[in-house]
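Position in the sequence shown (first residue = 1) + 1138 = the working numbering.
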Amino acid sequence: MSGKEREGGREGGREGGRERERQTDRQTDRQTDRQTDRQTDRQTDRQTDRQTDRQTDRQTDRQTDRQTDRQTDRQTDRQTGQTDRQTDRQRQRETGRERGLTIR
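Dropping the structure here:
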């Protein structure tokens, strides 16, 4: 084998090594990109889930508060109305007694 042939073989070997390096680099880049994408997707999903949960909790809390307030108001109104009616009947009884009437 001549010196030129040996030199060509070495060049070919070096070029082959560089090609393998480039392939490895491309493979590493693709793997890194996939891992980064998956990590980003998981992080985004977690953030979205937390945000959705917080929003749902706030809406539920507001709805519960409004419902509780309405129920409390209605109950208070009924109780107040009942008390007012009892007071009115008591006044009528007292007034009736003063006039000599019987009011039940």
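Here a beta-carbon is modelled for each residue, glycine too, at the ideal position from N, C-alpha and C.
To the nearest angstrom, report how far apart D1183 and Q1173 are at their CA atoms.
15 Å
What would DSSP say about G1238, mapped onto helix, strand or coil?
coil
Alpha helix (DSSP H) segments (min. 4 residues) lying fully within the stretch 1184–1215
none
Taking just the CA atoms, how far does D1175 sit from R1158?
25 Å
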